[in-house]
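A.B. asks: Protein chains in written order, with the numbering used here: chain S, 24 to 314; chain Z, 255 to 565. One structure coming up, written as structure tokens, with questions to follow.
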């Protein structure tokens, strides 16, 4: 195998000098782009006394996990659980309702279809900030603050999910369902046993995109959780901001502790991203097209 | 059945069979559709459509956190026009957008062109460029507070090696907005890169190759062939960036909380201040309606100008 590889490399034309230069510059840029995350992990493993120095040490002189121990004194696991529950539930609801409505929009004939599709397109453009004040009033008046249902509000009706599934079902050949219709299947059966099983790619793309969005939501959970135990991970971890004139509570451990908290917050996202890199990038493309 | 058919239309009794045969657009109506749409439609009408209408109503009231709302007409809007903070936060937001939008566009274009070459190691480069986009904004904010620390931050330490004096990125009124902008570029460039990458992959390879055979060098080929063909993707990226920069909030909240002295406060940050620190919900709603109208106008203008079929 190595011999094969060598032969291929040797047969290839040597790259031009300019190409090599551009490649080096590009790779250096990529490394620099990843550097803040590396620096974050490095800082989180340092003794607080070795953090505030004017010498740049990429590798900690002494590795310590004390910062993590300090961070875990906060209800981090509870926040993680909250985030997990809200993300999973919101994603599931969005995918199921989105697949059903998307299927209806793509395949069925009913009065109001065009109006509904227009509304969905309009909502894709409208910024969510527009709805934050009225939703906050609503949640407050019903007394839903500090509860999972209120955290799920942004995930209850995902126009994006409907749009994604509609586009997917439009690309499916109609013959699949026609065959089922001849067998006497009704709409529900056609949806359940013909359309859904082939919709896996749409479910995967939607699940990745929606769960990342819901996991990372910040403004809404910040507004509707006053109790420490009901915070989501991104909101809870924001409390580790070291004092730079920021309005949140400050932590004694300073940057070392803050970076330990940020590492904990980053790890789940990065692991999922590395495993599903291709799907992430394809999914983001379809999201970009949404306009 | 034949007898039923002779009965005049208006006098027909309601019958399930007739409903089943009803048509719309020349095709039979599929009543199942409403069952399929309902689980989405009900929450949608409440949490999105209803919320928008309710928000517009609230913007005409003096709603606070307690007590009943009173209709005060256009008072909130009059107050907004006279409010120096509104002008300040709008000017901050626009300046932020004017810095971030072109920077991200250029950086993302360079990234996309590089990754698209598929040279050795391109998957690593693509992952590195996109990774910041998948992590929480809390990480973006706090990591960059640390990176941009005036005395001990990595950025100033490296700049110091070139003799640049320490820059007070987040603590001086003249720099704070740009400090936040750096973090935003790092966060968002990867997403724009992916959109541009998809655009690049739509360009037939032969077009570029024929250009280089014609004697045009790589740079010229990129400038004269690739960029013009990339216009739809570029216009989409710019539009998305303009809209997202107008909505900037979380990074600012985390990094500077709008300070120092409001130097980095954005429109949404002011909405947050007014609505959720001072609980002047009516006024906050009017501020977000104004932002909403701006974004709506921009989107319509963009759609008109490019007439690209983006959906």
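Backbone N, C-alpha and C define an ideal beta-carbon position, used for all residues, glycine too.
Mind checking residue 449 of chain Z: buried by the 16 CB within 10 Å criterion, or exposed?
C.D. replies: Flag for residue 449 of chain Z reads buried.
A.B. asks: Could one say the Cβ of residue 393 of chain Z lies closer than 8 Å to chain S's Cβ atoms, at least one of them?
C.D. replies: Residue 393 of chain Z counts as touching chain S.
A.B. asks: Checking contacts by CB at 8 Å: is residue 215 of chain S closer than that to chain Z?
C.D. replies: Closer than 8 Å: no.
A.B. asks: Based on DSSP bridge pairs, tell me the residues matched to residue 315 of chain Z.
C.D. replies: Paired residue(s): Z:325.
A.B. asks: Around the C-beta of residue 314 of chain S, are 16 or more other C-beta atoms found within 10 angstroms, so that it is buried, or is it exposed?
C.D. replies: Note on residue 314 of chain S: pLDDT 33, under 50, position unreliable in the model; no value is reported.
A.B. asks: When you measure from the CB of residue 453 of chain Z to every non-hydrogen atom of the ligand FAD, does any distance come out below 7 Å?
C.D. replies: The ligand FAD is absent from the structure shown, which contains no ligands of any kind.
A.B. asks: Tell me the rounded alpha-carbon separation between residue 161 of chain S and residue 46 of chain S.
C.D. replies: Those two C-alpha atoms are separated by around 54 Å.
A.B. asks: So residue 508 of chain Z and residue 391 of chain Z are in contact, right, with Cβ under 8 Å, and what is the actual spacing, rounded?
C.D. replies: Residue 508 of chain Z to residue 391 of chain Z, Cβ: 7 Å. Contact.
A.B. asks: Any idea if residue 344 of chain Z is buried or exposed, counting beta-carbon neighbours within 10 angstroms, 16 or more meaning buried?
C.D. replies: That one is buried.
A.B. asks: Here's the rule: buried if 16 or more other CB atoms are within 10 angstroms of the residue's CB, otherwise exposed. What is residue 194 of chain S?
C.D. replies: Counting Cβ neighbours within 10 Å, residue 194 of chain S comes out exposed, since fewer than 16 surround it.
A.B. asks: Suppose you measure from the CA of residue 103 of chain S to the CA of residue 178 of chain S; what does that come to, to the nearest Å?
C.D. replies: So the two alpha carbons sit approximately 18 Å from each other.
A.B. asks: Cα-Cα, which of S:200, S:226, S:121 and S:153 is closest to residue 143 of chain S?
C.D. replies: With distances taken between Cα atoms, residue 143 of chain S lies closest to S:121.
A.B. asks: Can you grab the Cα-Cα spacing for the pair residue 137 of chain S / residue 428 of chain Z, in whole Å?
C.D. replies: Each residue's alpha carbon lies about 50 Å from the other.
A.B. asks: Tell me the residue span of the alpha helix (DSSP H) that contains residue 152 of chain S.
C.D. replies: Per DSSP, residue 152 of chain S belongs to no alpha helix (DSSP H) and is neither H nor E.
A.B. asks: Is it the case that the segment 252-267 of chain S contacts the segment 100-116 of chain S, given that we only count it when at least three CB pairs across the two stretches are under 8 Å?
C.D. replies: Yes, the segment 100-116 of chain S is in contact with the segment 252-267 of chain S.
A.B. asks: Roughly how many angstroms lie between the CA atoms of residue 474 of chain Z and residue 362 of chain Z, to the nearest whole one?
C.D. replies: Cα to Cα, residue 474 of chain Z sits roughly 19 Å from residue 362 of chain Z.
A.B. asks: Flag residue 49 of chain S as yes if its beta-carbon sits less than 8 Å from any beta-carbon of chain C, otherwise no.
C.D. replies: Included in the structure are the protein chains S and Z, with no chain C among them.
A.B. asks: Is there at least one Cβ from chain Z nearer than 8 Å to residue 149 of chain S's Cβ?
C.D. replies: Yes, its Cβ sits closer than 8 Å to a Cβ of chain Z.
A.B. asks: Among the residues of its own chain, which have a CB less than 7 Å from the CB of residue 537 of chain Z, if the five just before and after it don't count?
C.D. replies: Around residue 537 of chain Z: 330, 333 and 528.
A.B. asks: Below 8 Å on the Cβ atoms is my guess for residue 291 of chain Z versus residue 127 of chain S; work out the distance and round it to an integer in Å.
C.D. replies: Going by Cβ atoms, the distance from residue 291 of chain Z to residue 127 of chain S rounds to 5 Å, so yes, they are a contact pair.
A.B. asks: What in chain Z is Cβ-close to residue 67 of chain S, meaning under 9 Å?
C.D. replies: By Cβ distance, chain Z contributes nothing, its closest Cβ being about 10 Å from residue 67 of chain S, past 9 Å.
A.B. asks: In chain Z, what lies closer than 7 Å to residue 98 of chain S by C-beta?
C.D. replies: Result: empty, since nearest Cβ-Cβ is about 16 Å, beyond 7 Å.
A.B. asks: Anything in the segment 120-146 of chain S with a Cβ closer than 7 Å to a Cβ of chain Z? List those residues in chain order, please.
C.D. replies: From the segment 120-146 of chain S, only 120, 121, 123, 124, 126, 127, 131, 132, 133, 134, 139, 142, 144 and 146 have a Cβ closer than 7 Å to chain Z.
A.B. asks: Identify the contact partners of residue 246 of chain S in chain Z, using a Cβ-Cβ distance below 7 Å as the criterion.
C.D. replies: Near residue 246 of chain S (Cβ distances below 7 Å), the residues of chain Z are 530.
A.B. asks: Mind listing which residues of the segment 150-175 of chain S have their C-beta closer than 9 Å to chain Z's C-betas, in chain order?
C.D. replies: Answer set for the segment 150-175 of chain S: 150, 151, 152, 153, 154, 155, 156, 157, 158, 159, 160, 161 and 163.
A.B. asks: Closer than 8 Å is the cut-off here; do at least three beta carbon pairs connect the segment 173-187 of chain S with the segment 228-239 of chain S?
C.D. replies: Yes, they touch.
A.B. asks: Is the Cβ-Cβ distance between residue 358 of chain Z and residue 495 of chain Z less than 8 Å?
C.D. replies: Yes, these two residues count as a Cβ contact at 8 Å.
A.B. asks: Mind the definition here: the segment 415-426 of chain Z touches the segment 58-76 of chain S only if three or more C-beta pairs lie below 8 Å; say whether that holds.
C.D. replies: Touching, no.
A.B. asks: Based on the DSSP output, what are the partners of residue 281 of chain Z in its beta bridges?
C.D. replies: Paired residues: Z:278.
A.B. asks: Measure the CB-CB distance between residue 280 of chain Z and residue 156 of chain S and report whether it falls below 8 Å.
C.D. replies: For residue 280 of chain Z and residue 156 of chain S, no; Cβs fall outside 8 Å.
A.B. asks: Could you check the C-alpha separation between residue 547 of chain Z and residue 79 of chain S for me, to the nearest Å?
C.D. replies: Looking at the two C-alpha atoms, the distance is approximately 48 Å.
A.B. asks: Within 10 Å of its beta-carbon, does residue 416 of chain Z have 16 or more other beta-carbons around it, so buried, or fewer, so exposed?
C.D. replies: By the neighbour-count rule (16 or more Cβ atoms within 10 Å), residue 416 of chain Z is not buried but exposed.
A.B. asks: For the segment 513-527 of chain Z, list every residue whose C-beta sits within 8 Å of some C-beta in chain S, in sequence order.
C.D. replies: Under the 8 Å Cβ criterion, the segment 513-527 of chain Z contributes 513, 514, 522, 525 and 526.
A.B. asks: Going by C-alpha to C-alpha distance, which of S:197, S:209, S:174 and S:82 sits closest to residue 241 of chain S?
C.D. replies: When only C-alpha atoms are compared, the closest one is S:174.
A.B. asks: Judging by CA-CA distance, which residue of S:305, S:83, S:130 and S:246 is the nearest neighbour of residue 196 of chain S?
C.D. replies: Ranking the options by Cα distance to residue 196 of chain S, first place goes to S:130.
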